[in-house]
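Numbering (the working numbering), first residue to last: 423 to 737.
A short worksheet on the structure shown next.
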Ligand SMILES: Cc1cc2nc3c(=O)[nH]c(=O)nc-3n(C[C@H](O)[C@H](O)[C@H](O)COP(=O)(O)O)c2cc1C
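In structure tokens, the structure reads:
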């Protein structure tokens with residue numbers, strides 16, 4: 423199959439069916455534009471960014487690339503109305519949504535022709551957003567960095583692909599061509615990677631954050647906040663040990679949530695490896711170098727094509 427036959431490439435207007443996952447504090451215009459210029463779809467993470475800052479990033483992305491890029495709206499954040507307004511005002515071609523119910527985003531943006539792709543963690547959620555008019559879904563497994571659900575990528579992707587008519591983009595645990603090939607074997611038509619893009623040359627995250635991902639091994643990540651209903655996967659450090667202590671002691675959800683306030687910024691901007699939140703996925707152990715986004719994207723698909731060619735002989 424030529425990439426041009428791929429429904430995700432057609433939908434996004436990209437050369438490759440790959441999205442750089444939104445990463446609050448990490449995914450700015452510079453990273454998004456590098457990924458879009460490299461043939462994928464770069465995403466600016468709206469996170470909890472104040473309106474003026476987000477507007478600057480959107481304008482900057484339009485300056486840095488003439489390719490399509492996206493904006494991620496974090497549905498838990500108080501800035502949703504501002505992010506939505508900016509998506510409308512600047513006609514951002516693609517909007518992804520995270521952590522919540524995207525009904526309002528779909529209602530507002532679909533009539534304008536914006537491509538809207540919610541991130542989902544269950545088949546029920548995927549079915550719901552398809553009915554509401556989503557163009558595709560990102561089905562994210564709990565191997566991923568950041569806020570996660572309960573299902574693994576291996577389990578959610580084929581189930582979502584069977585349940586939906588719209589295309590499924592796999593996320594969680596994918597960092598090389600093997601993961602891309604596996605995702606497609608499971609029924610995905612595209613992939614979304616977060617952790618791998620932390621270690622790309624154009625990512626402005628603090629060097630300590632990058633180094634922590636490079637140093638990570640198979641069991642370096644831990645999930646905090648399960649008891650609050652908002653589980654987050656990040657690299658083990660003093661902060662996660664404190665979370666574990668509080669959770670084991672039966673601390674209130676407020677107390678646990680409070681411990682996390684501002685910590686991602688501490689990790690990303692200040693490089694606080696001990697007390698910052700170093701959100702990253704289980705694939706961190708497979709990320710061993712820092713390369714330009716274009717180079718990463720191209721080698722993912724060269725490797726995936728090689729693997730898919732060899733699979734016939736093995737099966
Ligand atoms: C540091 C970090 C921050 C993230 N922030 C967001 C976010 O703001 N919104 C969102 O929808 N997903 C967020 N994610 C999830 C990613 O967009 C992506 O789906 C995930 O990283 C894919 O799994 P992987 O890390 O195994 O590649 C974040 C992930 C990381 C690692």
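Even for Gly, the Cβ is constructed at its ideal location relative to N, Cα and C.
Give a yes or no on whether the C-beta atoms belonging to residue 649 and residue 715 are separated by under 9 Å.
Here residue 649 refers to the residue found at position 227 when the chain shown is read from its first residue. Here residue 715 refers to the residue found at position 293 when the chain shown is read from its first residue. No, the pair does not count as a contact, with Cβ atoms beyond the cut-off.
Can you check DSSP and say which residues form a bridge with residue 562?
Taking the first residue of the chain shown as position 1, residue 562 is located at position 140. Looking at the DSSP assignment, residue 562 forms a beta bridge with 593.
Delimiting residues of the beta strand (DSSP E) encompassing residue 496
Stepping through the chain shown from its first residue, residue 496 is reached at position 74. Here the beta strand (DSSP E) through residue 496 covers 491-496.
How many whole angstroms separate the CB atoms of residue 560 and residue 609, which I take to be in contact at a CB cut-off of 8 Å?
As a first step, residue 560 must be located in the chain shown, where it is residue number 138. As a first step, residue 609 must be located in the chain shown, where it is residue number 187. So it is not a contact: roughly 14 Å between Cβ atoms.
Just list the residues that DSSP pairs residue 464 with in beta bridges.
Looking up residue 464 in the chain shown gives position 42. Residue 464 is bridged to 491.
Cβ-Cβ distance between residue 440 and residue 450 below 9 Å:
For the purposes of this step, residue 440 is identified with residue 18 of the chain shown, where counting begins at 1. For the purposes of this step, residue 450 is identified with residue 28 of the chain shown, where counting begins at 1. Result no, Cβ atoms of residue 440 and residue 450 do not sit closer than 9 Å.
Between residue 569 and the rest of its own chain, which residues show a CB-CB distance below 6 Å, the 5 nearest in sequence each way excluded?
On the chain shown, position 147 is the one that residue 569 refers to. Answer for residue 569: 521 and 654, listed in chain order.
Beta-carbon contacts of residue 551 that lie in its chain and below 8 Å, excluding the five residues immediately before and after:
In the chain shown, residue 551 corresponds to position 129, counting from 1. Closer than 8 Å at the Cβ level, and outside the excluded window around residue 551, lie 524, 528, 540, 542 and 559.
Reduced DSSP secondary structure (H/G/I, E/B, other) of residue 471:
In the chain shown, residue 471 corresponds to position 49, counting from 1. The answer is coil: DSSP assigns residue 471 none of H, G, I, E or B.
Roughly how many angstroms separate the alpha carbons of residue 659 and residue 602, rounded to a whole number?
As a position in the chain shown, residue 659 is number 237, starting the count at 1. As a position in the chain shown, residue 602 is number 180, starting the count at 1. Whole-angstrom Cα-Cα distance: 30 Å.
Does the distance between the C-beta of residue 633 and the nearest non-hydrogen atom of ligand 1 fall short of 8 Å?
Translated into positions along the chain shown, residue 633 becomes position 211. Not so, every heavy atom of ligand 1 lies at least 8 Å from the Cβ.
Quick check on residue 643: does DSSP put it in helix, strand or coil?
As a working note, residue 643 is residue 221 in the chain shown. It is a strand residue.
From the DSSP output, which residues share a beta bridge with residue 519?
As a position in the chain shown, residue 519 is number 97, starting the count at 1. Note: residue 519 sits in a beta bridge opposite 495 and 540.
Restricting to runs no shorter than 4 residues, where is the alpha helix (DSSP H) found entirely within the segment 606-693?
617-620, 629-637, 660-670, 675-682 and 685-690
Select from 460, 455, 427 and 447 the residue whose C-alpha is nearest the C-alpha of residue 742.
Because the chain in this structure spans residues 423 to 737, residue 742 falls outside the shown range and cannot be described.
Suppose contacts are defined by Cβ-Cβ distances below 9 Å. Is residue 442 in contact with residue 704 by that definition?
Sequence index remark: in the chain shown, residue 442 carries index 20 (1-based). Sequence index remark: in the chain shown, residue 704 carries index 282 (1-based). Not in contact: residue 442 and residue 704 (Cβ atoms no closer than 9 Å).
beta-carbon residue 721 near ligand 1 non-hydrogen atom, thresh 8 Å:
By 1-based counting over the chain shown, the position of residue 721 is 299. Residue 721 Cβ: outside cutoff for every heavy atom of ligand 1.
Please return the same chain residues whose Cβ sits closer than 6 Å to the Cβ of residue 454, not counting the five positions on each side in sequence.
Here residue 454 corresponds to residue number 32 of the chain shown, with the count starting at 1. Same-chain partners within the cutoff: 464, 465, 466, 483 and 491.
Under three-state DSSP, which class holds residue 554?
Position 132 of the chain shown, counting from 1, holds the residue named residue 554. Coil at residue 554, not helix or strand.
Can you say whether residue 547 is buried or exposed, counting buried as having 16 or more other CB atoms within 10 angstroms of its CB?
Position 125 of the chain shown, counted from the first residue, corresponds to residue 547. Buried is the call here.
Residue 535 (DSSP reduced to helix, strand or coil):
The sequence position of residue 535 within the chain shown is 113, counting from 1. Residue state, collapsed to three classes: coil.
Cβ neighbour criterion (16 or more within 10 Å) applied to residue 508
Along the chain shown, read from residue 1 onward, the residue named residue 508 stands at position 86. The residue in question, residue 508, is buried, as its Cβ has 16 or more Cβ neighbours within 10 Å.
Work out the CA separation of residue 627 and residue 456 for me, nearest whole Å.
By one-based count along the chain shown, residue 456 stands at place 34. By one-based count along the chain shown, residue 627 stands at place 205. In a straight line, the C-alpha of residue 456 is about 14 Å away from that of residue 627.
Tell me the DSSP secondary structure of residue 701 in three-state form.
Position 279 of the chain shown, counted from the start, is the residue given in the question as residue 701. In the structure shown, residue 701 sits in a strand (DSSP, three-state: E or B).
Local conformation of residue 568 per DSSP, three classes:
As a working mapping, residue 568 is identified with position 146 in the chain shown. Of the three classes helix, strand and coil, the one that applies to residue 568 here is strand, per DSSP.
How about residue 585 and residue 549: do their beta carbons lie closer than 9 Å?
Residue numbering aside, residue 585 sits at position 163 when the chain shown is read from its first letter. Residue numbering aside, residue 549 sits at position 127 when the chain shown is read from its first letter. Taking 9 Å as the Cβ cut-off, residue 585 and residue 549 qualify as a contacting pair.
Just confirm the distance between the C-beta atoms of residue 616 and residue 445, as a whole number of angstroms; I'd bet it's less than 8 Å.
Position 194 of the chain shown, counting from 1, holds the residue named residue 616. Position 23 of the chain shown, counting from 1, holds the residue named residue 445. With a Cβ gap of about 5 Å, residue 616 and residue 445 count as contacting.
Going by other Cβ atoms of all chains shown within 10 Å of its Cβ, with 16 needed for buried, is residue 618 buried or exposed?
Residue numbering aside, residue 618 sits at position 196 when the chain shown is read from its first letter. Residue 618 comes out buried.
Note down the Cα distance separating residue 678 from residue 666, rounded to an integer number of angstroms.
Counting from 1 along the chain shown, the entry for residue 678 is found at position 256. Counting from 1 along the chain shown, the entry for residue 666 is found at position 244. Roughly 9 Å separates the two Cα atoms.
On the DSSP bridge list, what partners appear for residue 441?
Within the chain shown, the letter at position 19 stands for residue 441. According to DSSP, residue 441 bridges with 463 and 614.
To the nearest angstrom, report how far apart residue 664 and residue 486 are at their CA atoms.
Counted from its first residue, the chain shown places residue 664 at position 242. Counted from its first residue, the chain shown places residue 486 at position 64. One C-alpha to the other measures close to 41 Å.
Which word fits residue 732, buried or exposed, when buried means at least 16 other C-beta atoms lie within 10 angstroms of its C-beta?
As a working mapping, residue 732 is identified with position 310 in the chain shown. Counting Cβ neighbours within 10 Å, residue 732 comes out exposed, since fewer than 16 surround it.
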